[in-house]
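For what it's worth, this note's numbering labels the leading residue of the sequence shown as 249, then goes sequentially.
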Amino acid sequence: MIKMRIKIDVKLPPRVDTWEVALTCPKCKAKNKVTMAQVKREETVQCVGCGTKIKLIDEGKSFKQGTEKLQRALDDLERTVRRFGR
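If you want it as C-alpha cells, here you go:
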C-alpha cells in the first residue's frame, strides 16, 4: 500500500453579498445587475435602460435570511475543506 498526502486547494466564490443578480426593469425590460447586498438593504437603483428608479423590496426579509444561511453554509464548507488539507 502506498501512502501519500493530498493537498486540497479550493477557492470558493467571494462573499455572497458581492454576487450579482439580474433584475428586469418593469418599464423598459432592460436587464440590470444588482448585488445581493443591495437587495438585502432594499436600495433604490436606477435602470440602465430608461433611468426609472426601482425600489428593491425584500418582503418578510426572506432574501436576507436566505443569503445569510447560504453564507454560513459556504463558510462551513470552506472550514471543512481546509481541515482535509492538513
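Every residue, glycine too, gets a C-beta built ideally from N, C-alpha and C.
Query	Result
Exposed unless 16 or more other CB atoms sit within 10 angstroms - verdict on Val269	exposed
Between the CA atoms of Arg263 and Glu326 - distance to the nearest angstrom	12 Å
Beta strand (DSSP E) segments (min. 3 residues) lying fully within the region 255-312	268-272, 279-283, 292-294 and 301-303
Residue from Asp323, Leu318 and Thr300 whose Cα sits closest to the Cα of Thr272	Thr300
Beta-carbon proximity of Phe311 to Lys288, cut-off 8 Å	yes
Cβ pair Val293, Ile302 closer than 8 Å	yes
Where Thr328 falls, given that 16 or more other Cβ within 10 Å makes a residue buried	exposed
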